[in-house]
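Take a look at the structure below.
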């Protein structure tokens, strides 16, 4: 157990020090320096982000990337933005977190039997990482899945997360669409639209659709 924790610590150190993508590295530093007005008095994280949660988790969530004024500000994925609000609420309602809000790193929010990560570890301009940037981060996700030995259920939040999962697990012939579920080896893969404002405020992703994804995950985690 201690060996695994040490391996996570080593991996996370590599992630936060990563400078493989000059465009992203410069962007997150610029965002952290030139803050938006509503966060003018806050100190931004402004570095690549690690995953977080229960290292013995059976549920793994893969997102796209940190938000420029969410995770890139707070230092924790899905924290301090509207996507994080949707995720924290649904996780809590399904017994996967200790509270229904994720505001900052010291807010007491903790994951239960769940680990959250992303395809890309730096906030990309316009939420659109380049293929090369996704590829540069792929080894981090691969190592996380290797260390997360108890994962049985994977939720992919958006097409890019789904594509990275398929590449990592060598899944062939599957196309992304919301609410799909299939098995691959020992894993149950569930797909969902990302809870971005672009999806939630336009009605592309309703709360009912979103909640259903996690009720399915709850069912399969409980069966293991």
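Numbering (my numbering), first residue to last: 12 to 235. Just so it is clear, CB atoms sit at the ideal spot from N, CA and C, and this is done for glycine as well. This one's a predicted model, so the numbers in the text were calculated from it and none came from an experiment.
Buried or exposed by the 16-neighbour rule on C-beta atoms within 10 Å, applied to residue i
i           : result
residue 120 : buried
residue 33  : exposed
residue 100 : buried
residue 215 : exposed
residue 87  : buried
residue 202 : buried
residue 19  : buried
Boundaries (first-last residue) of the beta strand (DSSP E) holding residue i
i           : result
residue 195 : 192 to 195
residue 129 : 125 to 129
Cβ-based neighbour list, residue i, same chain, cut-off 6 angstroms, excluding 5 preceding and 5 following
i           : result
residue 55  : 43, 84
residue 133 : 35, 39, 59
residue 171 : 75, 130
residue 155 : 62, 128
Minimum Cβ-Cβ distance from residue i to chain C less than 9 angstroms
i           : result
residue 103 : Among the chains in the structure shown there is no chain C, since it carries only a single protein chain.
Enclosing alpha helix (DSSP H) for residue i [first to last residue]
i           : result
residue 101 : 93 to 104
residue 120 : Segment: none, residue 120 is in no alpha helix (DSSP H) and carries neither H nor E.
residue 38  : 33 to 44
residue 78  : Residue 78 -> no alpha helix (DSSP H), and no H or E assigned at all.
residue 155 : 142 to 158
Residues that residue i bridges to, as DSSP identifies them
i           : result
residue 63  : 127
residue 164 : 70, 199
residue 108 : 122
Spatial neighbours of residue i in its chain, beta-carbon cut-off 8 angstroms, leaving aside the 5 residues before and after
i           : result
residue 126 : 62, 63, 64, 65, 66, 68, 70, 71, 72, 155, 159, 162
Counting only runs that start and end within the segment 182 to 221, where is the alpha helix (DSSP H) found for 4 or more residues in a row? Qualifying alpha helix (DSSP H) stretches, in chain order: 208 to 211.
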